[in-house]
Amino acid sequence: MRRINALGRVLSPHTDKLVFSFLDVYRKIRKRLAAHPCRPRAPAAARHTGVLQDAANA
């Protein structure tokens with residue numbers, strides 16, 4: 032989280048938004064992902080909240 036925070040500080044003069052994503056589902060690959068036996072899932076709410084709290088405290 033410290034590295035992401037540092038990257039955000041470096042980029043902040045040049046952009047308004049920093050998106051950190053493990054998977055971005057593009058329209059072109061949506062059908063292939065839907066047919067794949069290993070489907071991505073959203074993190075549990077508690078884990079998501081913890082990540083956001085860690086980022087805010089970094």
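Read in order, the letters of the sequence shown are residues 32 to 89 in this note's numbering. The beta carbon of each residue, even a glycine, is placed where N, CA and C say it ideally should be. Here the structure is a predicted model, which means the values were calculated and not measured.
Here DSSP, grouped into helix, strand and coil, assigns LEU42 to helix.
Cα atoms of ASN36 and VAL56: separation of roughly 24 Å, rounded to the nearest angstrom. Taking the Cα positions, LYS59 is about 27 Å away from THR46. Secondary structure at LEU49: coil, using DSSP grouped into helix, strand and coil. Looking at the backbone, the Cα of ARG34 and that of LEU64 are separated by about 30 Å.
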